[in-house]
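Protein chains in written order, with this note's numbering: chain V, 9 to 500; chain B, 9 to 500; chain X, 9 to 500; chain E, 9 to 500.
Let me begin by presenting the structure, written as C-alpha cells, before commenting on it.
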C-alpha cells in the first residue's frame with residue numbers, strides 16, 4: 009500500500025479507554041434447565057467480561073465442563089453445547105482478561121477432582137496474596153496450571169488438613185487477602201461467598217424454588233427469577249437439596265466496603281446493587297454534577313452509552329435539552345487499517361460520529377462517566393468541535409481516577425492515568441475543552457445516598473479515587489512474581 | 009435435556025421484527041488508500057446490510073476482489089486483506105439478504121471481465137423486471153451465476169450492441185424497471201447513478217481532491233470527506249482521471265419519489281439525506297406524534313435504539329420526562345436455547361430488559377419507529393407491564409406499515425404485516441396497550457418539511473404505507489420465477 | 009531461530025519430481041446410491057488428481073453440487089455431504105491443478121443452467137485451442153468465470169444455434185482441438201465421450217443394471233461393478249432411462265493415439281486400460297530393460313512405489329534378487345523446515361530411507377519409472393551410496409522424457425526436463441551413477457504388445473518422448489493468453 | 009437417501025485390524041535447530057503413533073510447548089510453529105491413543121513447573137500400577153489433569169522428599185511397575201531411561217556432537233545422526249552441557265525381556281533394534297515360514313505393506329515368484345458411506361484392490377504379519393478368491409496372537425482375539441482359506457537369532473503369544489479404576 013505506514017487503530021469495544029470489570033458469576037441449583045439458564049444469566053452479565061465464558065454442570069453422576077474464548081452468545085447458544093452440559097445444577101463465569109492473549113486454561117469455572125469428589129469454582133475479584141501463597145504450595149509439590157488466583161484457592165482446598173469439603177474451603181478462603189465473590193459447586197452443594205468487605209456484588213434469586221446466585225440482578229431478570237436479597241459481605245451460603253440454604257459467617261467481621269465504581273460504570277443500569285437501582289444513582293450523579301458545576305448551555309450531550317443516564321439527570325436538573333449529539337455505530341469492528349495519517353481521530357469515529365446538524369454553533373455540555381487515559385476524551389472533544397460546536401464543557405460523572413485497582417478491575421498503571429499526572433486545569437487544556445469539572449467525592453457519596461464520605465471509616469471502596477486500599481497488598485509489597493506455570497501448555 | 013423440547017429463540021439483531029434495508033454502496037476514485045477508505049465507509053454503512061460485504065479495487069493493471077460473509081469489521085480490518093486490494097480506485101458494497109442462507113456468490117460488488125476490460129458493479133435497490141430480463145438473456149446463451157438483479161444488469165451490458173462501455177451500460181440501465189443507486193468501476197471510470205425516481209440515496213463527497221460516492225453522508229464523515237451534493241434522481245456521474253466529473257441524464261425525466269422510510273428508520277440519524285438531517289426529522293416526527301395523539305403520562309420511554317430520537321422529540325414537545333425505561337444488552341447473541349416454555353418472552357429479554365425501578369406504577373408513553381409483524385411490540389409491552397408500569401400508551405413514529413416493498417427492502421409478505429390484518433383498535437388489543445396511535449401520513453409529510461402528501465403526485469415513495477407503487481412490477485405481474493441458476497455452485 | 013535461514017523442503021507427495029495426470033472422471037446413472045458410489049469411484053481414481061474433487065447429482069427435480077479442495081476422503085466421506093447430493097444419477101471429478109493456488113471455481117464438474125435445463129460436465133484432458141475460442145465467445149458477450157477449457161465447452165454449448173442439447177454439445181465438441189475424456193449429465197441423460205484420438209481413457213461398467221463411466225477399471229472394482237468395455241476413441245455414448253445406451257460417432261474418424269505414459273506411470277497397476285493390465289505391462293517393461301541393458305549385480309531395488317513392478321520384472325528376467333533397499337514413509341508431510349544446510353538430502357529422506365543393512369557393499373540395480381527434472385534421482389542415488397552400496401546402476405522404465413505434454417498432464421517446461429538438456433552420459437554423471445540406461449522407444453512399444461513403433465503412423469501418443477504431437481496446438485501457435493476472467497471472484 | 013441405511017465403514021489406516029504401538033519418543037540436546045530436528049525425528053517415528061504429537065523446547069530461559077492432534081506433518085512443518093519452540097534442547101513425542109476421542113491434555117510431552125524449575129517428560133510404554141499410585145497421590149492433595157500414567161510419574165517426582173531433580177525422578181521411577189522408555193528434559197539435563205526389562209526400545213545417536221535419543225534408528229537416519237548404541241535395559245543416561253553423558257543404573261538388575269513384536273510389526277523395517285535389522289528379521293521369518301509350512305504354489309503375494317518383507321523371504325526360500333497381487337491405495341480415507349449392503353467387502357477395498365490379471369486361476373500363498381480379530385483377513389481372502397485365485401494358502405509371520413498387551417500397545421480384549429477363540433483349523437475355516445499356518449514360537453526365536461525360546465527364562469517379552477507377563481499387573485489385580493480427573497477440562 010502506498011502512502012505512510014498503516015497504523016492499526018484499536019476500536020475493540022472491549023479495549024478502549026475505560027476501566028474493565030473482570031468477571032461475572034452465576035449459578036443455578038435444582039432446575040432441569042440449569043445450563044440453559046446459566047448461559048442466559050451469563051449473557052446478561054456479558055458487560056462484566058467479554059473475553060471468555062465457561063459453564064460447569066453436574067448431572068448427579070458426573071461433572072461436565074465447557075469453556076470458550078469469545079462471547080457467551082458465540083458458544084453457549086448451540087443445542088450441542090447445552091446438551092454436553094446435562095444436569096440440574098450448573099455454575100458459570102464470564103471473564104475479561106488483563107494481559108496477553110486469551111488462554112483457555114485461564115477461563116473459569118476451574119474444576120478439580122479431589123479424592124472426595126469434584127469441585128468447581130467461579131470467581132469475581134482479585135486475591136492480593138495469591139502469588140505468595142502459590143510459591144508456598146509449589147514448594148510442597150502442588151503443580152499449577154496457571155497463575156490464576158482461583159487455582160491457588162483450589163490447591164489450598166485440596167491440601168487442607170480439615171475434614172469435609174466446606175471446612176477445607178473455609179480454611180482456604182481464610183488464607184486469602186483481597187476481594188472475591190465466589191460461586192462454587194460440589195456434588196451435593198452450591199456455595200456462594202463474598203469477602204468480608206463485600207467489595208464485589210453477589211445476589212440471591214429464586215426461580216420456582218430453585219436457588220440462583222448472580223453477580224447482578226439483571227441476570228435474574230433475564231430468566232424471570234425473583235430477587236431475594238444480597239449475599240452479605242463475609243457471608244457464605246451453602247445450598248443443598250436436603251437442607252435448602254444455610255448461611256454461615258466464617259470470617260472475622262469487618263465494616264463493608266462495597267466498590268463505588270460499580271455504580272459509576274461497571275454494573276448495568278437496570279441492576280439493583282446493594283439495594284439501590286444503578287440508573288437512579290447515575291441520574292442522581294448527573295443532577296449532583298449540574299448542581300456542583302452547572303453552567304449556561306444550549307444542549308446536554310452524552311458520550312454514548314456510558315454517559316447517557318448522568319446526562320439525562322444533568323439535563324433534567326439544569327433544564328437544558330438532552331440531545332443525541334454523538335451517534336454510536338453499533339457494529340463495532342476490531343481494528344481497522346488507518347488509511348493515512350492526515351486523517352486523524354479515526355479511531356473514535358469508528359464507534360462515534362458527531363451529529364453535525366445538532367451541534368453547529370451550540371454551547372454543549374458533554375457528559376462522560378470517567379476519564380482514564382484521556383485519549384478518547386481528546387478525540388471526542390475534537391470531533392465535537394470540528395462538527396461546529398461553539399463551546400464544549402466537559403462534565404465527568406465521578407471524581408478523578410488517580411489510582412490502580414487491585415480488586416478485579418483492569419486498570420492501567422497509575423502513571424498512565426491522566427488524573428495522576430495532571431491537575432484538572434492541565435487536563436482541560438490537554439483535552440481542549442472550554443471547561444472541565446469532575447464530581448466531588450462527597451458528591452458521589454451523596455448520589456449513592458450518604459451524607460458524605462466518612463474519611464475515618466469510608467463506607468465504600470473508593471481506592472481508585474482516593475488511594476485508600478481496604479486490604480493489604482501482599483504480593484505487591486513482596487514484589488512477588490511467578491514464572492509461567494503449567495503442567496499442560498495450551499495448543500495454538 | 010429434560011423438560012420440554014428446546015425451542016430456538018432467534019435473537020439475531022439482523023433478523024428481528026424490523027424492515028431491513030438491503031444494501032449500502034461506496035466508492036473512492038483517486039486516493040492511494042482507496043481500499044482502506046472504502047472499508048471504513050462500508051463500516052459506517054453497516055446498518056444498511058450486515059450479512060456480507062465486498063470490495064473491488066483497480067491498481068492500474070488489474071482488478072482485485074474480496075467478498076466475505078459477515079460484518080465489514082470481521083474481514084476488512086486485516087492488513088492482509090487490505091493489501092490484497094491495491095490501487096487508488098475502489099468500490100464496495102454491504103448487503104442484507106432476503107432469503108435463505110447467505111451465499112458468497114450473491115455478495116457484491118459483482119465483477120465481470122468483458123472483451124473490452126473489467127467492470128465492477130455495486131447496487132442498492134431492486135429491479136422489478138430482473139427475472140423477465142434474465143429469462144430473455146438465458147435463451148440467448150448467457151449463463152447466470154445467481155438470480156441477482158445485479159448480474160442481470162451485467163449481462164445486459166456485456167451483450168449490448170452499443171460501442172463504448174458507458175453507452176452499453178446506459179443501454180442496459182434503460183431496460184430496467186425499479187429502484188437503484190449504483191456505484192460502478194471500470195479501468196478508467198467510476199460511475200454513480202440513481203434511478204429516475206431517485207428512490208434510494210446516493211451522495212457525492214470530496215476527500216482532498218478524490219471523488220467519493222456513498223449511500224449516506226455518515227460514511228463521508230468517517231473518512232473526513234466533505235459532502236458535496238446528492239447525486240440527483242436520474243443522474244449519472246462519470247468520473248475520470250482526465251475529465252474529472254461529468255454528469256449526464258440518460259433517462260426520461262420523472263418527478264422524484266425518494267423513499268420516505270429512509271427518514272423513519274433506514275438511514276443513520278447523523279446522516280443528511282436529500283438535504284435534511286435524519287435525527288431532526290425523527291425529532292419532528294416525535295413532536296408531530298405528541299401533537300396528534302399526546303396524552304397525560306409520567307414518562308416517555310423509547311424502544312431502544314430506533315425509537316430514541318422520536319421519543320426525545322415527543323418528550324420535549326409534550327413536556328414529559330424522557331427516561332431510559334428499557335435497557336439494551338449490547339452483546340447480542342444469535343440464538344439461545346429456551347430453557348422451558350413457562351419462561352416466556354425470553355427472546356426480547358436477550359436484547360432488552362425493563363428498568364423496573366423507573367417503571368413501577370408509572371403512566372408510560374412507549375415510542376417505537378414502526379410495527380411490522382407486531383411480535384416484538386407484544387413482548388416489549390408485556391415486559392414493561394410486568395415491571396409494574398401502570399398504563400402503557402404506544403406511539404408509533406410512522407403510519408401503519410401495510411404493504412411490501414419491492415425496491416430493495418426486506419419486508420414480510422403483506423399478509424404477515426400486522427397493520428394489513430387488523431384495525432388500529434385490534435392492534436392495540438393484540439399488543440395489549442392502553443392506547444395505540446400511529447403518525448398520520450400527512451403528519452409524516454409535515455415532519456419531512458412538506459405541507460401535506462400530494463395524493464396526485466406524491467412527493468415520496470410511501471408505498472409501504474399507501475400501496476402506491478411508483479413503477480411497474482413486471483416480474484410480479486408475470487409471476488416470473490427462475491430456477492436456481494449457476495455455472496459454479498458454492499462449496500459448503 | 010539461530011543458524012542459517014530455514015529452507016522449506018517440499019515433500020508433498022503430489023508435488024514431487026513426477027509428471028502428474030490432471031484428472032479422473034466418474035459417473036453413475038440409475039442407482040439410488042449414485043453419489044456414494046461416485047465418491048468411492050473418485051477415491052479409487054485419487055492417483056489421477058489429488059488437489060480437489062467434486063460431485064454433481066440430479067434427483068429428478070434439481071441438480072446438487074459439492075466441490076471441495078482436498079482429497080475425496082477429506083470431504084466425500086461424510087454423511088452430511090452425501091445427503092446434500094440426493095438422486096440416482098451423479099457424476100464426479102478429481103483434479104490435479106497445474107498452476108497457482110487451488111481455487112474452488114476451477115474445481116469440476118462445472119454446472120450451468122441453460123434455458124433448456126441444467127448441464128454438468130467433468131473433463132479429463134486439455135483443449136489446445138481453448139483460449140482462442142474463449143476470446144471469440146467473450147467478444148459476443150459470454151462472461152467467463154475461469155480460464156478453464158471446460159467452461160469454454162459449456163459456453164460453446166450454451167450459445168450453439170442447434171436445437172437439442174446433444175446436438176448443441178456435439179456442435180461445441182467439434183470446435184475443440186486436443187484431448188478429452190468427458191462425462192456429462194443433463195436432466196435426462198448421462199453422456200460419455202472420448203476425443204477422436206482417444207488420448208485419455210474412459211471405460212464403461214455395469215452395476216446391477218446401472219451404467220457406470222470411469223477413467224479406469226480400478227474404480228469399477230471398488231464398487232463391485234462389472235467392466236463392460238472401453239469407450240472407443242471418437243465415440244459418444246448417450247445413456248437414458250428409456251433407451252439405455254446409444255452410441256454415436258459424431259467426429260471425423262482418425263487413427264487412435266492412446267497415451268502410452270498411462271502404462272508407464274499414470275494408471276493404477278491393477279487397472280486394465282485399452283485391454284491390457286498395467287501391472288503386466290510394467291513387468292514386461294522391466295524384462296525388456298533387463299534384456300536391453302542388463303548387467304551383473306547383487307540386488308534389484310525399486311524406487312518405491314512407482315518403480316516396483318518394473319523392478320520385479322527386471323529381477324525375474326535377470327535372475328537377481330528383488331529387495332526393498334529403500335523404505336518409504338507412508339506418513340507424508342507437506343513441507344518441513346530444513347534444520348540447517350549441512351544436513352543435505354533431507355527432502356528425499358522425508359519420504360524414503362535407505363535400508364542400510366541390505367545395501368552395504370552391494371552392486372545395486374536401481375529401477376525407476378522415469379526421470380523428469382532429475383532432482384529426486386540425484387538424491388536417491390546419493391542416499392543409496394551413503395548407505396554403502398558398492399555400485400549403483402540406474403535403469404529407467406521409459407525412454408528419456410524430452411517434451412512437454414499439452415493433453416492434460418502437468419509437465420515442466422521442456423527446458424526443465426533433464427533429458428532435453430543432457431545426453432544420457434551427461435545425465436549419468438549428473439545423478440552420479442555407475443551406469444544409466446533408459447528403455448528404448450521400441451522396447452516400450454514391445455512391452456505394450458506392438459512389434460515396434462510405426463514412425464509413419466504411431467500407434468500411441470508418445471509426444472513426451474518423441475515430440476510428435478498428434479493435434480494442432482493452436483493457442484500455443486497463437487501465443488494466446490487471457491486475462492484472469494471472472495464474474496465472481498473467490499473469497500479467501 | 010433411498011436404499012438401506014448407510015453404514016459407516018471405518019477405513020482409517022490407524023484403526024484397522026492391527027495391534028498399535030502407542031508411542032515414539034525423541035530428543036536433541038545441544039543443536040541450535042533442536043526443534044526442527046525433533047519434528048523430523050518424530051516424522052520418522054510416525055508409524056509408532058499417528059493420533060497426536062508434541063514438542064517441548066528449552067531456550068536457556070524458558071520452556072516452550074506445542075502439542076497438536078494430528079500427524080507431525082500436519083503441524084510441526086510450519087515455520088510459525090517451529091519458531092514458537094526456540095532453543096537448542098528439545099524433546100518430542102508421537103502418540104497413538106487407546107480409547108475415546110483424542111484429547112489434547114493427554115498429548116505428550118507433559119510439562120510441569122516444579123519449585124526447582126521446569127520438567128518435561130515423554131514416555132513410550134505403560135505403567136501397570138499407575139492408577140493405584142494416582143489414588144494415593146490424590147488423597148495427599150495432588151490434583152490430576154488426566155489419568156495418564158505419565159502424569160502419575162510427574163506428581164511422584166513433584167512430591168518426592170529427595171533433594172535434586174534426578175534423585176526425585178529416580179525415586180518416582182522406582183515406584184513404577186511396567187514398561188517405559190522415557191526421554192525427559194529439565195533446564196540443565198536431558199534424561200533417557202529404559203525400564204529394567206527393556207521392553208520398549210531407546211537408542212542413542214550423535215549429530216555433530218549433539219546427543220540424540222530416539223525410539224528407533226530410522227529417526228537418526230532422517231536427520232543424518234550417527235547411531236551410537238542402544239540405551240540398555242535399566243539404564244538411565246543423564247546428559248548435561250558440562251559433563252556430557254553420564255550413565256547410571258538405579259534399579260535392581262533383571263534379565264532383559266525386549267518386546268519381540270517390535271520385530272514382527274511395530275518397528276520400521278529399516279531400523280536396527282537391539283542390534284538387529286528389522287527387514288532382515290522379517291525376511292528370515294518368511295524363510296522360516298517357508299521351511300515350516302511351505303507348499304506348492306504359483307505365486308507368493310504379500311498383504312501390503314506389512315506382509316511384504318516376509319513374503320519376499322518366503323518367495324526366495326521357496327523359489328516361487330513374488331508378485332504384487334494386491335494393490336494398495338495410498339490415499340487412505342477416514343470413513344466412507346457404504347452405498348448399500350449388497351456391495352460387500354467395501355472396507356477392505358478402500359485400501360486394497362486385487363490385481364485380477366495376476367491372480368486368475370493361480371495357487372496363491374498369501375503372507376501377512378499377524379491375525380488380530382481376523383476381520384481383515386476374511387475380507388482379503390474373499391477379495392482374492394473373487395478375483396479368480398484357484399487356491400489360497402495363508403501364512404502368518406508370527407505365532408497366534410492370543411493375549412492382550414499391557415506394556416504400551418493397543419490390543420483388543422483377549423476375547424476379541426481370533427486366536428484365543430479358535431483353533432488354527434477353525435480359523436482357516438473362518439477366513440475361508442485352503443490352508444493356514446502360523447510361525448511357531450521357536451521359529452520366531454530362530455528368526456531373531458536364538459536357537460529356541462528358553463521357557464524358564466524367556467529372552468523376550470512374548471506375552472501376546474504366550475501369556476507370560478514379565479511384570480506384576482497391579483491395577484488389573486486391584487481392578488483399580490479412576491474417575492475422569494481434571495482441573496481444567498478441554499474445550500470443544
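Built from N, CA and C at the ideal position, the CB exists for glycine as well.
Quick caveat, the model's predicted, so the values are computed rather than measured.
In chain B, which residues lie less than 7 Å from residue 142 (chain X) when you measure between Cβ atoms? The residue given as residue 142 (chain X) occupies position 134 in the third chain. Chain B residues near residue 142 (chain X): none, gap ~10 Å exceeds 7 Å.
Could you give the uninterrupted runs of the beta strand (DSSP E) lying entirely in the stretch 231-259 of chain E, keeping only those of 3 residues or more? Look at the stretch 231-259 of chain E and you find these whole runs of beta strand (DSSP E), each 3 residues long or longer: 234-238, 244-248, 252-256.
Please state if the CB of residue 417 (chain B) and the CB of residue 30 (chain B) are separated by a distance shorter than 9 Å. What you label residue 30 (chain B) is simply residue 22 of the second chain in a count that begins at 1. What you label residue 417 (chain B) is simply residue 409 of the second chain in a count that begins at 1. Yes. Within cutoff.
If contacts are defined as beta-carbon pairs under 8 Å, then residue 370 (chain V) and residue 447 (chain V) qualify, I think. What distance do you get, rounded to the angstrom? Counting from one through the first chain, the residue named residue 370 (chain V) turns up at place 362. Counting from one through the first chain, the residue named residue 447 (chain V) turns up at place 439. That pair is no contact at about 24 Å.
What does the alpha-carbon distance come out to for the pair residue 476 (chain B) and residue 203 (chain B)? Position 468 of the second chain, counted from the first residue, corresponds to residue 476 (chain B). Position 195 of the second chain, counted from the first residue, corresponds to residue 203 (chain B). Our two residues, residue 476 (chain B) and residue 203 (chain B), have alpha carbons roughly 18 Å apart in a direct line.
Alpha carbon to alpha carbon, what distance is there between residue 267 (chain X) and residue 373 (chain X)? Taking the first residue of the third chain as 1, we reach residue 373 (chain X) at position 365. Taking the first residue of the third chain as 1, we reach residue 267 (chain X) at position 259. Computed Cα separation, rounded: 28 Å.
In this structure, does DSSP put residue 175 (chain V) in helix, strand or coil? Counting from 1 along the first chain, the entry for residue 175 (chain V) is found at position 167. In the structure shown, residue 175 (chain V) sits in a helix (DSSP, three-state: H, G or I).
Within 9 Å of any Cβ in chain B, is that where the Cβ of residue 131 (chain X) sits? Within the third chain, the letter at position 123 stands for residue 131 (chain X). So no, residue 131 (chain X) is outside the interface.
Under a CB-based cut-off of 9 Å, is residue 329 (chain V) close to chain B? If you number the first chain from 1, residue 329 (chain V) lands on position 321. Taking 9 Å as the threshold, the shortest C-beta distance from residue 329 (chain V) to chain B falls below it.
Hey, would you say the C-beta of residue 308 (chain E) is under 8 Å away from at least one heavy atom of the ligand GTP? What this structure holds is no ligand at all, so the ligand GTP is not there to describe.
Applying a beta-carbon distance threshold of less than 7 Å, which residues of chain X neighbour residue 99 (chain B)? As a working note, residue 99 (chain B) is residue 91 in the second chain. Here the premise fails: no neighbours, minimum Cβ distance about 14 Å.
Assign residue 171 (chain V) to buried or exposed, taking buried as 16 or more other Cβ atoms, counted over all protein chains shown, within 10 Å of its Cβ. By one-based count along the first chain, residue 171 (chain V) stands at place 163. Residue 171 (chain V) counts as exposed, since fewer than 16 other beta carbons sit within 10 angstroms of its beta carbon.
Got a sec, what are the start and stop residues for the alpha helix (DSSP H) residue 89 (chain B) sits in? For the purposes of this step, residue 89 (chain B) is taken as residue 81 along the second chain, with counting starting at 1. Where residue 89 (chain B) is concerned, the enclosing alpha helix (DSSP H) stretches over 87-91.
Is the Cβ-Cβ distance between residue 435 (chain X) and residue 379 (chain X) less than 9 Å? Along the third chain, one-based indexing puts residue 435 (chain X) at 427. Along the third chain, one-based indexing puts residue 379 (chain X) at 371. Remark: C-beta atoms of residue 435 (chain X) and residue 379 (chain X) approach each other more closely than 9 Å.
Cα-Cα separation, residue 402 (chain B) to residue 363 (chain B): Residue numbering aside, residue 402 (chain B) sits at position 394 when the second chain is read from its first letter. Residue numbering aside, residue 363 (chain B) sits at position 355 when the second chain is read from its first letter. The alpha-carbon atoms of residue 402 (chain B) and residue 363 (chain B) are separated by roughly 17 Å.
Return the residue from the list X:337, X:121, X:35, X:115 that minimises the CA-CA distance to residue 70 (chain X). Against the third chain, residue 70 (chain X) aligns to sequence position 62. Nearest of X:337, X:121, X:35, X:115 to residue 70 (chain X), Cα basis: X:121.
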